[in-house]
């Protein structure tokens with residue numbers, strides 16, 4: 001089965017999720033600097049989620065590039081990942097509208113963690129089809145960044161109730177960690 | 190006529206329908222657990238519709254994969270299917286906002302039934318062009334799952350006025366039935 | 379210059395326009411039959427606009443299929459067409475919310491007329507590049523349906539102020555006229 | 568690494584941004600000419616932003632067409648550009664809702680300037696990979712229109728506080744300047 005449509009569909013869902021977040025941005029209630037001020041933290045949350053989804057698109061791009069063929073199991077694992085990614089605009093809006101309250105920040109981490117789990121399941125489904133000696137299996141075998149991200153999200157969830165700023169700081173750290181181009185798979189190809 | 194653009198357009202419509210549903214999700218009116226509680230059934234409806242549209246994308250992917258060429262009739266049959274699928278975000282929102290009232294649940298089943306009819310018409314248009322001995326005709330000839338789904342939707346519509354939970358249970362059952370990877374066409378290819 | 383991205387971009391814009399219209403659909407203010415009743419005319423307007431945009435996608439698909447290459451002028455003519463098509467969700471919403479008042483119905487015809495003009499300009503730009511003896515030039519030379527549609531829209535605009543139902547009837551007639559598969563270009567290929 | 572998915576994803580994001588702007592358009596509060604009047608400036612802002620995003624898509628199309636391969640740095644530079652473009656619907660809505668107040672007009676210029684900077688960074692990343700003697704490097708070497716646009720945006724930002732109409736006039740001028748088909752790269756190919 002060809003991977004073309006899987007890529008097209010995933011690209012469309014991620015592109016829509018990344019773009020409709022801007023629909024959630026409340027227009028300032030006025031046209032002066034004072035009205036712009038409460039929008040700034042919301043814009044920063046938007047930028048964080050943009051980086052989050054952009055990273056997933058980027059990694060998805062790399063992984064599928066190293067994949068030869070797909071099967072039904074991979075289609076469903078991919079839909080599962082897209083489900084969690086599609087919730088990002090919702091949780092981003094809640095974080096923004098609640099002015100960074102602890103619970104939304106914790107749920108944000110939960111969505112991040114479940115997306116990471118779904119991504120790992122997708123990777124495993126692809127590696128299972130490609131075989132343990134494939135380029136991809138070798139490339140992801142050394143993968144530490146993915147596990148570290150999932151671990152940081154898991155740690156951030158309870159920490160959000162201690163201080164939401166620590167949790168938010170961890171999300172920003174994970175985002176920045178990924179903004180460095182991924183040489184792992186690239187260098188293996 | 191090539192099938193490439195038909196796939197791209199269908200992917201885009203389904204991807205948009207699946208993703209804008211999240212725009213319908215009302216952000217909780219607060220940032221505590223009590224505020225999150227009324228959102229849970231709405232989230233579950235969203236997950237059900239996500240599985241519903243994901244299943245259609247998945248089956249559409251398989252069917253078009255087994256198709257060599259298309260004609261004008263297939264283009265229109267495909268648009269007809271997309272019309273019913275595009276109503277899913279609307280009916281999902283109504284089900285959620287009405288707190289699972291009987292009529293919206295029944296209309297949900299109606300949209301599901303009409304989408305199933307449209308899908309069958311699309312299948313027939315494709316088989317008519319491909320010929321009765323094509324791989325696809327052989328594969329769908331044994332198809333029981335599609336007919337069972339349509340039948341369960343038809344039964345669920347009146348049952349929604351007896352108990353909406355029975356109708357909803359049937360929709361969940363149909364969704365789960367499809368979440369098992371479709372070996373029918375795959376094994377014939 | 380290849381036509382692949384032009385098709386992808388046009389597909390995406392039309393797919394988004396066709397799908398976001400459903401976001402405009404107001405959920406009924408209740409869960410009984412009485413609440414569903416005012417939604418019915420809005421749903422019918424949605425179906426009309428769905429057929430309108432679906433027809434443009436269909437014809438665009440046929441025309442580009444008969445096109446070998448594109449240039450900068452065609453890119454801009456295509457964007458011009460997409461501009462008018464992107465206004466369809468807006469005008470559909472206005473028609474629905476105004477309960478079929480004459481002015482919105484007239485503006486609906488105006489958007490339809492300008493989209494038809496833009497489509498003709500795109501056809502001319504493509505024929506200019508393809509040459510007068512190309513398959514496409516021969517195919518569109520006999521084109522009467524396009525001119526008839528534009529003429530009916532032009533007539534419907536002033537008629538909307540006499541009776542909006544006559545104007546609306548003309549739009550439905552144009553939509554049905556196109557729902558017959560387009561054998562013109564197909565038979566020439 | 569192939570450029571196909573980069574193009575698909577960029578097309579999708581720009582297509583969504585260009586189309587969801589129409590969702591921001593407030594439907595007139597009535598169905599007569601008086602109700603239509605306040606919508607006219609908002610429609611013109613929409614047309615301006617449509618031309619703005621259409622120009623970026625057009626130039627992006629030309630530039631990627633002249634590109635052979637991509638790397639991780641280009642993926643991120645592209646996401647950076649898409650981030651600023653995704654803010655266009657938000658700022659367009661603010662300009663419209665504030666009835667052309669100075670601050671939103673200035674922020675509009677700021678988004679335009681940052682998008683121009685991001686586009687230049689993307690061009691540089693592509694030229695760095697393609698080499699100084701590539702077709703693209705030669706083509707963009709003479710580029711004056713891009714620098715002029717960025718300069719006009721930079722000038723318009725402070726001018727918006729003197730007179731928003733001067734700033735708006737500069738944006739319209741930049742848009743018209745680009746509506747002339749781009750013969751630069753085309754003629755070099």
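Protein chains in written order, with my numbering: chain A, 1 to 189; chain B, 190 to 378; chain C, 379 to 567; chain D, 568 to 756.
The beta carbon of each residue, even a glycine, is placed where N, CA and C say it ideally should be.
- Task: Quick one: using the 10 Å Cβ neighbour count with 16 as the cut-off for buried, is residue 733(D) buried or exposed?
- Result: Around the C-beta of residue 733(D), fewer than 16 other C-beta atoms lie within 10 Å, and the residue is accordingly described as exposed.
- Item | chain C within 7 Å of residue 282(B), Cβ atoms only | By the rule that beta-carbons nearer than 7 Å mark a contact, residue 282(B) touches chain C.
- From what residue to what residue does the alpha helix (DSSP H) around residue 259(B) run? Unbroken run through residue 259(B): none, as it is neither H nor E.
- Spell out whether any CB of chain D is found under 7 Å from the CB atom of residue 11(A). With 7 Å as the cut-off, residue 11(A) counts as an interface residue toward chain D.
- Query: For residue 243(B), which of helix, strand or coil comes out of DSSP?
  - Reply: DSSP places residue 243(B) in helix when its eight states are reduced to three.
- Item | Proximal chain B residues relative to residue 8(A), where beta-carbon distance stays under 9 Å | Those are 196, 197, 200, 201, 204, listed as they occur along chain B.
- Query: Does the distance from the CB of residue 20(A) to the CB of residue 212(B) come in under 7 Å?
  - Reply: At the C-beta level, residue 20(A) and residue 212(B) come within 7 Å of one another.
- What's the gap between the Cα of residue 756(D) and the Cα of residue 605(D)? Note that residue 756(D) scores 46 on pLDDT, short of 50, meaning its location in the model is unreliable; the coordinates nonetheless yield the value given after this. Between residue 756(D) and residue 605(D), the C-alpha separation is close to 46 Å.
- Which residue comes first and which comes last in the alpha helix (DSSP H) that contains residue 364(B)? Looking at the DSSP string, the run of the alpha helix (DSSP H) that includes residue 364(B) is 353-368.
- Message: Considering only their Cβ atoms, is the gap separating residue 349(B) from residue 294(B) smaller than 7 Å?
- Response: In this structure, residue 349(B) lies closer than 7 Å to residue 294(B) by Cβ.
- Message: Helix, strand or coil for residue 276(B)? Go by DSSP, reduced to three states.
- Response: Reduced to three states, the DSSP call for residue 276(B) is coil.
- Query: What is the rounded straight-line gap between the Cα of residue 409(C) and the Cα of residue 289(B)?
  - Reply: The C-alpha of residue 409(C) lies about 9 Å from the C-alpha of residue 289(B).
- Query: Which residues mark the beginning and the end of the alpha helix (DSSP H) in which residue 667(D) is found?
  - Reply: Where residue 667(D) is concerned, there is no enclosing alpha helix (DSSP H), given that its DSSP letter is neither H nor E.
- Verify whether the separation of the beta carbon atoms of residue 636(C) and residue 487(C) is less than 7 Å. Outside the shown range of chain C, which is 379 to 567, sits residue 636(C), and nothing can be said about it.
- Query: Excluding the five sequence neighbours on either side, which residues of its own chain have a C-beta within less than 8 Å of the C-beta of residue 222(B), listed in chain order?
  - Reply: Nothing meets the Cβ criterion.
- Proximal chain D residues relative to residue 57(A), where beta-carbon distance stays under 7 Å: Result: 576.
- Pick from 311(B), 266(B), 324(B): whose alpha carbon is nearest that of residue 335(B)? It is 311(B).
- Item | Three-state class that DSSP yields for residue 389(C) in the structure shown | It is helical.
- Task: Using 10 angstroms around the beta-carbon of residue 700(D), count the other beta-carbons present and answer buried if the total reaches 16, otherwise exposed.
- Result: Residue 700(D) comes out exposed.
- Query: At a CB-CB cut-off below 7 Å, which residues of chain D make contact with residue 479(C)?
  - Reply: Those are 598, listed as they occur along chain D.
- Query: Under a Cβ-count criterion, where at least 16 other Cβ atoms within 10 Å of its own Cβ denotes burial, should residue 52(A) be classed as buried or exposed?
  - Reply: So residue 52(A) counts as buried.
- Give me the Cα-Cα distance between residue 638(D) and residue 580(D), rounded to the nearest whole angstrom. About 20 Å.
- Message: Between 66(A), 35(A), 25(A), 11(A), which has its C-alpha nearest residue 54(A)'s C-alpha?
- Response: The shortest C-alpha to C-alpha distance from residue 54(A) to any of 66(A), 35(A), 25(A), 11(A) is the one to 11(A).
- Query: Of all the CB atoms in chain D, is at least one closer than 7 Å to the CB of residue 500(C)?
  - Reply: So no, residue 500(C) is outside the interface.
- Sorry if obvious, but does the Cβ on residue 128(A) come closer than 6 Å to a heavy atom of the ligand SAH? Ligands displayed in this structure: none; no statement on the ligand SAH is therefore possible.
- Are the C-beta of residue 20(A) and some C-beta of chain B separated by less than 7 Å? It does: the Cβ of residue 20(A) has a partner Cβ on chain B nearer than 7 Å.
- Query: Would DSSP call residue 567(C) helix, strand or coil?
  - Reply: Its pLDDT being 46, under 50, residue 567(C) is placed unreliably by the model, and nothing is read from it.
- Identify each residue in the stretch 643-657 of chain D for which the Cβ-Cβ distance to at least one residue of chain A is less than 7 Å, and report them in chain order. Within the stretch 643-657 of chain D, the residues whose Cβ lies closer than 7 Å to any Cβ of chain A are, in chain order, 643, 646, 650, 653, 654, 656, 657.
- For residue 287(B), return the contacting residues in chain C, with the cut-off set at a CB-CB distance below 7 Å. Within chain C, the residues 409 have their CB atoms less than 7 Å from the CB of residue 287(B), given in chain order.
- Message: With distance defined between alpha-carbon atoms, name the residue in 62(A), 176(A), 56(A), 44(A) nearest to residue 81(A).
- Response: Cα-wise, what sits closest to residue 81(A) is 56(A).
- Message: Can you pull the chain A neighbours of residue 350(B), defined as C-beta to C-beta under 8 Å?
- Response: The premise fails here: residue 350(B) is roughly 31 Å from chain A at the closest Cβ pair, so nothing lies under 8 Å.
- Task: Identify, in the order they occur along the chain, each residue of the same chain with its Cβ nearer than 6 Å to the Cβ of residue 27(A), setting aside the five sequence neighbours on each side.
- Result: None.
- Query: Is residue 78(A) helix, strand or coil by DSSP?
  - Reply: Correct three-state label for residue 78(A): helix.
- When the distance is taken between beta carbons, is residue 66(A) closer than 7 Å to residue 5(A)? Contact check for residue 5(A) against residue 66(A) fails: the beta carbons are separated by 7 Å or more.
- Query: Would you call residue 127(A) buried or exposed, if buried means 16 or more other Cβ atoms sit within 10 Å of its Cβ?
  - Reply: Classification of residue 127(A): buried, given that the 10 Å Cβ count is 16 or more.
- Task: Taking residue 553(C) and residue 426(C) to be in contact with their CB atoms under 8 Å, please state how far apart those CB atoms are, rounded to whole angstroms.
- Result: Contact holds; Cβ gap of about 6 Å.
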